[in-house]
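2 protein chains.
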Amino acid sequence: MNFIITGHGHFASGLQSSVKLITGFENALVAVDFKDNMSSDNLRDKLSDQLKINGKTEPTIIFTDIAGGTPFNQSVLLKNDNDNIEVLAGINLPVLIEAVLSQEGELDVLINHLIGSGKDSIKKYDNQRNKKVRDQNLDDGI
Amino acid sequence: MNFIITGHGHFASGLQSSVKLITGFENALVAVDFKDNMSSDNLRDKLSDQLKINGKTEPTIIFTDIAGGTPFNQSVLLKNDNDNIEVLAGINLPVLIEAVLSQEGELDVLINHLIGSGKDSIKKYDNQRNKKVRDQNLDDGI
């Protein structure tokens with residue numbers, strides 16, 4: 043399984059650096075930044091070059107920053123030529139870590155798993171809930 | 043309303059660059075990177091300095107990369123001293139753009155709105171669904 047990340051500005055290289063720091067995997071994820079001096083065609087060429095390196099037989103997930111943006115749209119254009127590509131939008135760090143740590147398995151199954159755990163990972167710190175847990179622990183004499 | 047983003051490596055500055063590119067707002071979001079040469083205390087000091095600049099009366103949302111990570115944990119420690127702070131985890135670009143574009147309103151309402159729209163924004167490109175829409179459009183003669 044190959045993983046590519048692309049997004050506006052330094053979204054891709056920024057998240058790639060976080061994945062490296064947390065997992066220690068240096069080459070698990072290829073980052074393609076859509077910088078402000080690039081055209082849509084430039085971006086598609088860079089993504090296409092990367093897909094050529096990977097070959098068409100290996101499944102690839104392209105992680106993108108936001109649905110409807112240029113990085114997402116150009117990735118979808120490339121997917122239309124290659125059934126072995128899936129394009130995800132709204133990517134956060136938990137999705138990437140989950141992907142890098144669980145590379146094996148069917149593409150469809152992994153995609154659904156990643157979407158579910160990505161949604162679950164968006165949350166606020168809830169000190170009321172944590173207080174309740176602390177109180178329960180105190181009641182139990184722990 | 044003040045917005046701070048923090049995360050491992052260049053997560054924060056990477057996403058900040060994306061927000062600037064898409065919204066054109068230069069100063070909507072302060073980025074505090076947790077680089078690999080920094081300690082947890084270094085990070086908390088940097089976040090704390092930023093909160094002091096903002097003052098305690100203005101509500102602040104601290105956007106973080108992943109629940110349980112150092113940037114999240116240090117943000118929670120700062121929240122414990124200041125009720126006007128909320129800490130969110132699992133942040134993606136759609137959440138940040140939504141926040142920057144809808145700065146006004148109650149903190150609680152905004153937080154719940156951001157969590158909902160963040161979860162909705164994580165999705166795969168579904169060409170079957172798009173094909174169905176195209177077919178329906180063809181049936182309707184559009």
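These protein sequence lines are chains P and R, in that order. Going by our numbering, the first sequence opens with residue 43, and the numbers climb by one from there. Going by our numbering, the second sequence opens with residue 43, and the numbers climb by one from there. Beta carbons: idealized from backbone N, C-alpha and C, even for Gly. Please read all numbers here as calculations on a predicted model, not as lab measurements.
**Q.** Beta carbon proximity, residue 135(R) to chain P, threshold 8 Å
**A.** yes
**Q.** Local conformation of residue 44(P) per DSSP, three classes
**A.** strand
(Q) Tell me the rounded alpha-carbon separation between residue 70(P) and residue 160(R). (A) 25 Å
Q: Decide if the segment 161 to 168 of chain P is in contact with the segment 146 to 163 of chain R; the criterion is three or more beta carbon pairs, one per stretch, under 8 Å apart.
A: yes
(Q) Measuring straight from C-alpha to C-alpha, what distance separates residue 141(P) and residue 110(P)? (A) 23 Å
Q.
So with CB distances below 8 Å, who are the chain R contacts of residue 53(P)?
A. 56, 57, 59, 60, 135
Q | Below-8 Å beta-carbon distance, residue 81(P) vs any chain R residue | A | no
Q.
In whole angstroms, give me the CA-to-CA distance for residue 80(R) and residue 91(R).
A. 16 Å
Q. What's the call for residue 46(R), buried or exposed, on a 16-neighbour Cβ count within 10 Å?
A. buried
Q: Could you tell me whether the Cβ of residue 144(R) comes closer than 8 Å to any Cβ of chain P?
A: no
(Q) Please report whether the beta-carbon of residue 109(R) lies at a distance below 8 Å from any beta-carbon of chain P. (A) yes
Q: Name the two residues that bound the continuous alpha helix (DSSP H) containing residue 114(P).
A: 112 to 121
Q. Alpha carbon to alpha carbon, what distance is there between residue 105(R) and residue 116(R)?
A. 12 Å
Q.
Using beta carbons (cut-off 8 Å, strictly below), is residue 157(R) in contact with chain P?
A. yes
Q: Keeping to the same chain, check which residues put their C-beta closer than 7 Å to that of residue 49(R); ignore five residues upstream and five downstream.
A: 76, 106, 107, 113
**Q.** Residue-chain proximity (residue 91(P), chain R), Cβ-Cβ < 8 Å
**A.** no
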